[in-house]
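Read through the structure below, which is laid out as structure tokens, and then see the notes.
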Amino acid sequence: MLSSFKKLTDSLLKTRNSLFGKLAPLVGGRKIDDALLDEIEETLLGADLGLDATGRLIASVRERARKENMTEGEQVVTLLKEEIRGILTSADTASIWQNEHRPVVFLIVGVNGSGKTTTVGKLARLYSAQGKKVAIAACDTFRAAAVEQLQIWAERSAVDFIRAASGADPASVAFEATKQAAASGVDLLLIDTAGRLHTKSHLMQELTKIRKVIHKAKPEAPTYSLLVIDGATGQNALSQVRVFTDSVGCDGLIVTKLDSTAKGGVIIAIAEEIQAPVRYIGVGENIDDLQEFDAGQFADALLS
Ligand SMILES: Nc1nc2c(ncn2[C@@H]2O[C@H](COP(=O)(O)OP(=O)(O)O)[C@@H](O)[C@H]2O)c(=O)[nH]1
Ligand SMILES: [Mg+2]
């Protein structure tokens with residue numbers, strides 16, 4: 011089996027190519043000057059680091075190069091590595107389990123196709139393998155196929171599956187699922203929801219309602235709204251986070267499909283501009299391809 015770091019490094023290949031694959035030839039044999047910094051800035055923006063993080067990185071590189079009397083272009087790469095490590099922070103996801111109340115509820119939200127259902131399946135595997143009693147509930151009640159897709163994931167990890175009659179109101183499914191999970195000693199209840207465009211306000215209100223009824227069903231249950239973002243979304247990720255945060259709150263992000271995009275640098279933009287931490291990352295389509303986000307490992311994988 012691949013080590014998780016090797017898996018991460020492999021999955022970030024495209025992003026590494028768009029970032030360090032471009033930086034290395036750029037700085038080779040050059041002196042650090044305004045022209046070089048401008049070109050580096052363009053490369054960072056092109057790798058989806060976003061305006062804020064890019065601005066901050068270029069400013070610190072300029073400042074440190076001056077203070078530390080650096081003149082050689084190659085030295086910029088080392089500086090950037092250190093500064094990017096400074097921007098990324100790890101969430102203390104392990105502390106979720108320190109709350110003694112059960113079930114812990116993960117409400118999985120996001121736009122269509124971002125990877126919610128797949129991520130629910132992966133989370134079920136991750137935590138059932140750690141000995142936790144996991145249940146999955148399907149609040150994506152619009153499509154029968156969506157419920158079946160989820161049931162298959164539940165079977166793969168042999169976890170409980172709480173299903174609703176098709177066409178049932180998503181909030182009532184969430185309410186019943188939370189009650190059932192609490193009554194049957196479930197440690198982790200994963201609630202999958204239908205994809206929704208963050209621009210459709212009635213759908214966003216439905217999420218607010220789902221969050222409310224979970225609280226009503228079990229007020230002490232530690233509940234986390236986790237927003238799933240397709241890593242290939244690039245800068246649009248930031249506006250998705252803002253809108254979802256307004257309706258349902260955002261206690262963490264899950265960035266998926268890092269294995270198939272060159273835009274993984276968006277995690278740096280997110281870390282710079284967004285309060286909510288990245289908690290998990292998707293690094294492939296298989297059930298084991300989910301990792302707890304580790305900022306140090308990510309920076310190392312990205313920049314090596
Ligand atoms: N390569 C890759 N594909 C992923 C990942 N996560 C999800 N997918 C794929 O993205 C597509 C949509 O996933 P799905 O979970 O149905 O999205 P949902 O509409 O948000 O529930 C599927 O084809 C998944 O296999 C990932 O981390 N890496
Ligand atoms: Mg789905």
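Here the sequence shown is numbered in this note's numbering, starting from 11 and rising by one per residue.
Glycine is no exception: its CB is placed at the ideal position from the N, C-alpha and C atoms.
Sorry if obvious, but does the Cβ on residue i come closer than 7 Å to a heavy atom of ligand 2?
| i | result |
| --- | --- |
| Lys226 | no |
| Ala164 | no |
| Gly292 | no |
| Gly205 | yes |
| Asp48 | no |
| Ala148 | no |
| Gln63 | Position check: residue 63 holds Ala in this sequence, whereas Gln was assumed. False, no ligand heavy atom lies under 7 Å from that Cβ. |
| Ala192 | no |
| Asp240 | no |
| Ala184 | no |
Report the three-state DSSP secondary structure of residue i (helix, strand or coil).
| i | result |
| --- | --- |
| Leu23 | helix |
| Ala281 | helix |
| Arg153 | coil |
| Ser235 | strand |
| Val169 | coil |
| Gln140 | coil |
| Leu98 | coil |
| Ala311 | helix |
| Ala272 | coil |
| Lys41 | strand |
| Phe303 | coil |
| Val114 | strand |
| Ile50 | helix |
| Leu90 | helix |
| Ala184 | helix |
| Ala175 | coil |
| Gly241 | helix |
| Gly292 | strand |
| Gly262 | strand |
| Glu78 | coil |
| Ala34 | helix |
| Ile297 | coil |
| Ala57 | coil |
So residue i and residue j are supposed to be a Cβ contact under 8 Å. How far apart are they, rounded?
| i | j | result |
| --- | --- | --- |
| Gly131 | Arg166 | 7 Å |
| Ala154 | Asp170 | Not a contact, Cβ separation roughly 20 Å. |
| Val326 | Asp197 | As displayed, the chain neither begins before 11 nor continues past 314, which places residue 326 out of reach and without an answer. |
| Arg135 | Asp298 | 7 Å |
| Leu117 | Ile280 | Contact doesn't hold; Cβ gap of about 19 Å is too wide. |
| Ala227 | Lys189 | 5 Å |
Closer than 8 Å, CB to CB, is residue i near chain C or not?
| i | result |
| --- | --- |
| Glu186 | Absent here is chain C; the protein component of the structure consists of one chain. |
Closer than 7 Å to a non-hydrogen atom of ligand 1 - does that hold for the CB of residue i?
| i | result |
| --- | --- |
| Val144 | no |
| Val288 | no |
| Gly244 | no |
| Thr128 | yes |
| Gly177 | no |
| Asp102 | no |
| Lys210 | no |
| Ser270 | yes |
| Ala216 | Reading off the sequence, residue 216 comes out as Glu, not Ala. False, no ligand heavy atom lies under 7 Å from that Cβ. |
| Thr266 | yes |
Review point. Which runs of the beta strand (DSSP E) fall wholly inside the stretch 189-232 and span at least 3 residues, in chain order?
Key: 198-203
Exercise for review: Please confirm if the stretch 21-36 is in contact with the stretch 266-275, defined as three or more CB-CB distances below 8 Å between the two stretches.
Suggested key: yes
Point to revise | Contact between the stretch 70-86 and the stretch 148-162 (3+ Cβ pairs under 8 Å) | key: no
**Study point:** the stretch 57-64 / the stretch 306-314 touching (three or more Cβ pairs under 8 Å)
**Key:** no
**Study point:** Given 8 Å, three or more beta-carbon pairs between the stretch 255-272 and the stretch 231-238
**Key:** yes
Check your understanding: Just checking, does the stretch 94-109 make contact with the stretch 172-183 on the three C-beta pairs under 8 Å criterion?
Key -> no
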